[in-house]
Amino acid sequence: MSATATPLPASRARLGLRAGLLVALLLLAAMPVLNQLPVTHPLHVSDFLVSITGKWICYAILALSLDLAWGYAGILSLGHGAFFALGGYAMGMHLMRLIGPRGVYGHPVLPDFMVFLGYRELPWYWLGFDNFAFAMLMVVLVPGVLALVLGWLAFRSRITGVYLSIITQAMTYALMLAFFRNDMGFGGNNGFTDFKELLGQPLNTDTARAGLFYASLIALAASFLLCSRITRSKYGRVLTAIRDGENRVRFLGYNTTHHKLFAFVLSAMLAGVAGALYVPQVGIINPGEFSPANSIEAVIWVAVGGRGTLVGAILGAFSVNGLKTWLTSAAPDLWLFVLGGLFVLVTLFLPKGLIGLLKGRGA
Amino acid sequence: MKHTLLAFLLLLAAALPARAQDAFVAALPGLAGNFNAQAEAVDRLGALADPRAIPVLRALADGRLLKLADNSLVIRDGTATTDVLTGAATEAAGTEVLRINNRVRVALRGALGRLQLVSPDPAERLAAAEAVFRSRSADNVPLLDAALARETVPRIRDRMAIALAASRLLASDPAAKLLGVEALGASSSPEARSVLLEARAANPDILPQIEAAVAAIDRRLAVRRAAETFFQGLSLGSVLLLAALGLAVTFGVMGVINMAHGEFVMLGAYTTFIVQEACRGIPWLLPWSLPLSVPAAFLVAAACGALMERGLIRHLYGRPLETLLMTFGVGMMIQQTVRLVFGAQNREVLSPPWMQGTLMLPFDIPVTQNRLWILAFSLVVLALTVAAIRFTRFGLEMRAVTQKRAIAASMGIRTGRVDALTFAFGSGIAGIAGVALSQIDNVSPNLGTGYIIDSFLVVVFGGVGSLAGTLVGAFGLGLVNKILEPWAGAVLAKVFVLIAAMIFIQRRPRGLFAQKGRAAEA
Amino acid sequence: MSNKPPKGGRRLYLDGVSVVFDGFRALNNLSLIVEPGELRSVIGPNGAGKTTMMDVITGKTRPTAGTINFGEVDLTRLDEAAIANLGIGRKFQKPTVFDALTVFENMELALKAPRGPLACLRWALTGEAKTRIDSTLEETGLLDRAQDLAGILSHGQRQWLEIGMLLMQDPELLLVDEPVAGMTDAETEQTASLLVRIAGKRSVVVVEHDLEFVRALGRRVTVLHEGSVLSEGSIDHVQNDQRVIEVYLGR
Amino acid sequence: MNHRMPITRRAALASFGAAIAAPSIRPSFAQAAPIRVGVLHSLSGTMAISETALRDTVLMMVEAQNAKGGILGRRLEAVVVDPASNWPLFAEKARELLAVSRVDVTFGCWTSVSRKSVLPVFEELNGLLFYPVQYEGEEESRNIFYTGAAPNQQAIPAVEYLMSADGGSARRIALLGTDYVYPRTTNRILRAFLISKGIPESDIMEEYTPFGHSDWQGIVSRVKRFAGEGKKTAIVSTINGDANVPFYRELGNQGIKAEDIPSVAFSVGEEELAGIDTRPLVGHLAAWNYFMSVDSPANTAFKTMWQAYIRNPRRVTNDPMEATLVGFQMWAQAVAQAGTTNVDAVRTAMYGQKVDAPSGYTLEMHRNHHLSKPVMIGEVQADGQFNIVWRTPGPIVAENWSPFIPENANRRRG
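Protein chains in written order, with the working numbering: chain D, 1 to 363; chain R, 364 to 885; chain A, 886 to 1136; chain L, 1137 to 1550.
And the structure:
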């Protein structure tokens, strides 16, 4: 990068982590292939594991985006789930439009929920979503614009720390209530389900699943490279400086509002991409995604993995969600204790998260 | 009381011709028939003016009228049963409770109303006037005329007059009708308005008079409606205030973000439930279980708060965001514990009689008793909180520690103890809020979740560290919400309030009652 | 108003500036002129308004009343970043450097260069910039610590780093708040000579408690008291001013 | 909180077995692998309040069936997961049940959205889901059997009752609901129905609130005002679970008596009433296909078995629990008849399956995957139970595609 690339004390550990990450990526990439092996084969990977891993990859992208905002720029957003959900809704709208006349009521344009709620025509904000490129643009644009407006208002007024967190939480809460309304034209509580196809490919085939899996994996790798490029540039150092002493950075002549806004908007857009990839894989998007608890959970992934390190964010997303999937089946009555206890223990004893633990061992 | 009633009944009975007494006997079997027959029988009994009908009809209304195997009817009173006709004690074996439906209930109300219009008990007469008004019929005119002439209590006279006017509207005499319209138009009750509107179709000839009367009532009702909305806003505000007050202490004064705050509220509500169950064994104590719950809930929540502060939060001072995440985890655990111990179902917390029903304020403004109590309660809790902070040694130490910890410590204040007490105090207030919320919301493990975001918003909106700000913030948000609700709907009103609060905070980041100066910037 | 600024330099001009916090007047009708290239010391007892004066000049605090101009530019309309980019640098009383970054990175951050997010993202360290940073590190005696995290520096080193960062901004006017607090005598001497060297090319305002240090600077001194100017002139002049002796020196 | 029962669980289970069906065979469970029964109900989050009882019902039925010797000589094994009231998690857990746990049948879901979320999974992996809650209809998946009511089995008869002389001859209707698809669709159907009965649009009020709404002051006073326009008014409530307690409290406190403005609810059962003091609410109505107060031998057995299983003599039963029980019994019969747990074979065997339900009627599964069900109207009693004041003479066949939604005419078949 530059002549001053910092040889940190724990750099060997960091190198080890990078290598580990690469191996993990390759292993992940192999999953859909191993899925094609016969069920009896010892290396066979089940459909369930592939599909759930695809979901976790999307969570990992969300965690990365949150880490960029929180871990590096110090913006603790408790509303990142909202950007994720908005990206998901944009994708969902595209998928709904693609159903076309294959809906239950055979209406050429209107999605089923509009038909039985008595809509006569498509609301204006649904126009254009039948076009893939337009929908993908909206996936990043809508979260980006929301982040721009909210961030501009907040950063300009120098709302930081806890106050900012509460405002972002109120934002996602307000959006949740709004999207629950059936009159909004987004299907209310039921949201969107029963998607048929994407890019001409039926969604319930192995090919489509593998395609989405690889798309998510590529998006994760790209996000990682992007974030890593950002955090290692001088801009990344400005963000770190803002996190640790925003006032001081201002006196150095940096307009911190612009810097934070840039990071926040970028982060929101990444979250939107994660949401867009998530929706076709889980097959549903509904206002529950806006619930404040979801956003807090995402923050917790980052905290558990280790904020301020990109690998940590990814690690956190995979480990917490893996634990949750396992526990909701293995100990349905007790999983909240385990998960809640984990958050308590991590914040108390592992302020640098799992990654801190690994690094500590490596150094 | 009992004696006068008895004497009065005997007097009434003696005055009746024998024919009516036979009619009483003849009407009885209908009560055991189907709902149709029941309603008819009730109507007939109500028209008889036979005092023996009163206990029978009351028993039917309360589900205490039983049918024996031989089709004779008996009334159950506690454990004793008496025969309707003979008044003799009977065996209750092989009996079947006579069930009624709404249609019979409507008939019963009318019949009992007619029978009780001349009761010696003013409360009964008032209820009767109300009932007769609701089951209006032209036949009631002479009855009401007579009752009105005897009546001396002004409030009952007013109700009887309206009932009379409403009944006159059904009479065939046009002059009487106009009299009725005029009297109804002079009242300010929505029921009178409803009666007038209903009469429009049947009386095209006096339509202008009816319309004028309705318009007159409408003018008076508009004021009342505004007052009602205002009260509803205050009431919502008082709920927000209660929920936010504890947070104003833990977050506002100490700067601790406690996401488990809602769970402390929930623990308060469950404490109320436990106290109530404990009081069930002692009947005279049961109505007082709610006031008893207040200190209990405070102690339970405060103990949990102190435990959490000493065990967990104090290790994270100066790291508010970590505190936020940790307390979220604690909240999850508290919620699941309660769910496993008490079950996921709602728990029933009874309202004491003095918190039920509606109270009429001057100008006929109806306010529900429970909400009025909660409003008053929230202000008392606020006053006590202010007093505790301003006027007690503990409050002094608390302010000292939060402002200049090191200096306070050097003056011999045990800051750790003060921290624990302050947090316990804030949590205790949350517990008290739970007692109040048990009266209007579900007592379920999820109780607290619904209030946490609103509470934070109220505290930030009002200005962190300012109890006056919390007060104004809570009532302000409550009022705006209720004013918006009629035209925006409940959901959008809430969304608008959230957005408005967010924008407001961005304009004035320190809230309504900002703490100014260099201290605030530290 | 006869003193014309020398070419290229701008004059700092405060007139009738007041700042009121909750009824407390931190600055009370303060007027002050710092000529281009001048080295000015500002002294005064605690609460005299020294730091608040710095705050209003750098945009941290908005004045309740009064004018603050830097050359032709009205500073009261600008925010901190814009004022800094105008060429007014500030060193804080408590050294605030970025602990999570290395000494070199701290300097790089302060180096005069485009400040926008995209510019920072595209930024690549050129030889020229590196030379400038290295020479300033040399000047501040931090060259051998360039790759260490700023968080592990000693107090004195942090002060020097902060001064170094100030120099990297290449400001026209330096506001230096208690630069020698916690320094050894030798360091204090070094600092004084550094500031004297800087002045002339740039204007410097030094806020200080340490009268010996002020004497070592040996230039014009302004005494603040209760938010306004009590006395102004040479160090000997103010030290003999009866009012100054009463409120400050006499105690 | 548990109250010990004088009757032991085993005794109650045995008596239930005797009352309901076949003679008890001593379970031997040879080497055959167990039949796996998935339970997909939220045990945490907002829906836990309603769904935990259904989990317990399924577990009870599994235990009872095993006490009777299982099915086809195979033991039943319940696989319980917690989808935590989180809809994407429902889909994930459904996939896990089908693909990893390889369950033969699943009992689960409460909200429509959870069913919509798992539906594609069940269709893709050809699973079998029994859905036990009344819903808005407009659905018919070959992989789901709907054992709750369709709108014509609950909403329309209830409104007809309100408009009858016995129900108070209502001519003005306030439709109050939680803002989601079930109330929206049901109210759309009801609106069309009311208009077909000659009620003008101006006499219908429709208002929606968010989930868990707790401040009903404004809406209840608006209903009062709406009722004050000179016509007999009734409330039709599609308010969802949690919001009902504050709603009824407000109704009681504002003095709205059933004699003045009766209300009929479609989502309020014995479980919901357990959290409310019902004395001020006597006379308000609910429409269901089963009430705990039904007097039938099957119901007595059901109640005894349930209260013994849950070890609480005061625990109530409700309609979705009965629907779960009926679904379970039908599935058990269908498996026995098909001689296999193969989904396609069981599906075919399900059609025409009959069960003597606790509601006192014989219910039949039709080819539209819905049950024929009786409709009952119950009045709230002071003890939290319902007094049945009206019921259909026999079970009604479900119209899951409502004739009151005109778009259903264009529906694609199959």
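Each residue gets a CB set at the ideal place from its N, CA and C atoms; glycine is no exception. Just so you know, these numbers come straight off a predicted model, no measurement behind them.
* To do: Take residue 637 of chain R as the anchor and find which of R:525, R:797, R:448 and R:858 has the nearest alpha-carbon.
  => R:797
* **residue 1518 of chain L beta carbon less than 8 Å from that of residue 1418 of chain L** => yes
* Residue(s) in a DSSP beta bridge with residue 1267 of chain L -> L:1282
* How do the region 1229-1247 of chain L and the region 1258-1270 of chain L stand: do at least 3 beta-carbon pairs fall below 8 Å, yes or no? -> yes
* To do: Check whether the Cβ atoms of residue 461 of chain R and residue 408 of chain R lie closer than 8 Å to each other.
  => no
* Asked: Taking just the CA atoms, how far does residue 933 of chain A sit from residue 1040 of chain A?
  -> 26 Å
* Taking only beta-carbon atoms, is residue 701 of chain R less than 8 Å away from chain L? -> no
* To do: Sort L:1209, L:1206, L:1208 and L:1255 by Cα distance to residue 1094 of chain L and report the nearest one.
  => Within the shown structure, residues of chain L are numbered from 1137 to 1550, placing residue 1094 of chain L beyond reach of any answer.
* Between which two residues does the alpha helix (DSSP H) harbouring residue 1253 of chain L extend? -> 1248-1260
* What whole-angstrom Cβ distance do residue 1171 of chain L and residue 1477 of chain L have, given they're in contact under 8 Å? -> 6 Å
* Asked: Quick one: Cα of residue 90 of chain D to Cα of residue 218 of chain D, how far?
  -> 20 Å
* Asked: Excluding sequence positions up to five away, which residues of its chain have a Cβ less than 6 Å from the Cβ of residue 972 of chain A?
  -> 1056 and 1057
* Asked: Shorter than 8 Å from the beta carbon of residue 1541 of chain L to some beta carbon of chain D?
  -> yes
* **Contact set between residue 994 of chain A and chain D, taken where Cβ atoms lie within less than 9 Å** => 234, 237, 238, 241, 249, 252 and 254
* Quick one, which residues of the region 786-810 of chain R are near chain L if we go by CB-CB under 8 Å, in chain order? -> 802, 803, 804, 805, 806, 807, 808 and 809
* Looking at the C-beta of residue 984 of chain A, does it have a partner C-beta in chain D at a distance below 8 Å? -> yes
* What residues from chain D crowd round residue 1223 of chain L, counting only those whose CB sits closer than 7 Å? -> 284, 286 and 288
* Give a yes or no on whether the C-beta atoms belonging to residue 1492 of chain L and residue 1437 of chain L are separated by under 8 Å. => no
* Asked: Do you know offhand how far residue 1455 of chain L's Cα is from residue 1509 of chain L's?
  -> 11 Å
* To do: Determine the burial state of residue 904 of chain A: buried for a count of at least 16 other Cβ atoms within 10 Å of its Cβ, exposed for fewer.
  => buried
* **Straight-line Cα distance separating residue 828 of chain R from residue 664 of chain R** => 21 Å
* Under a Cβ-count criterion, where at least 16 other Cβ atoms within 10 Å of its own Cβ denotes burial, should residue 287 of chain D be classed as buried or exposed? -> buried
* Name the two residues that bound the continuous beta strand (DSSP E) containing residue 976 of chain A. => 973-976
* For residue 1441 of chain L versus residue 1196 of chain L, is the C-beta distance shorter than 8 Å? -> yes
* Count the other C-beta atoms from every protein chain shown that fall within 10 angstroms of the C-beta of residue 716 of chain R, then say buried if there are 16 or more, exposed otherwise. => exposed
* Given a cut-off of 8 Å, decide if residue 201 of chain D and residue 292 of chain D are closer than it, judged by their beta-carbon atoms. => no
* Could you tell me which residues DSSP pairs with residue 201 of chain D in its beta bridges? => D:198
* To do: May I have the straight-line CA-CA distance separating residue 406 of chain R from residue 389 of chain R, to the nearest angstrom?
  => 13 Å
* **Residues that DSSP places opposite residue 430 of chain R in a beta bridge** => R:436 and R:459
* For the beta strand (DSSP E) that residue 207 of chain D lies in, which residues bound it at each end? -> Segment 206-232 is the alpha helix (DSSP H) holding residue 207 of chain D; no beta strand (DSSP E) there.
* Check whether the Cβ atoms of residue 1214 of chain L and residue 1257 of chain L lie closer than 8 Å to each other. => no
* Asked: Can you name the residues that DSSP bridges to residue 729 of chain R?
  -> R:723
* To do: Show which residues of chain D have a CB atom less than 7 Å away from the CB atom of residue 1002 of chain A.
  => 235, 258, 259 and 262
* **Continuous alpha helix (DSSP H) stretch holding residue 1408 of chain L: start and end** => 1406-1409
* **Contact the region 715-734 of chain R vs the region 1373-1392 of chain L: 3+ CB pairs below 8 Å** => yes
* Asked: Under a CB-based cut-off of 8 Å, is residue 1287 of chain L close to chain D?
  -> no
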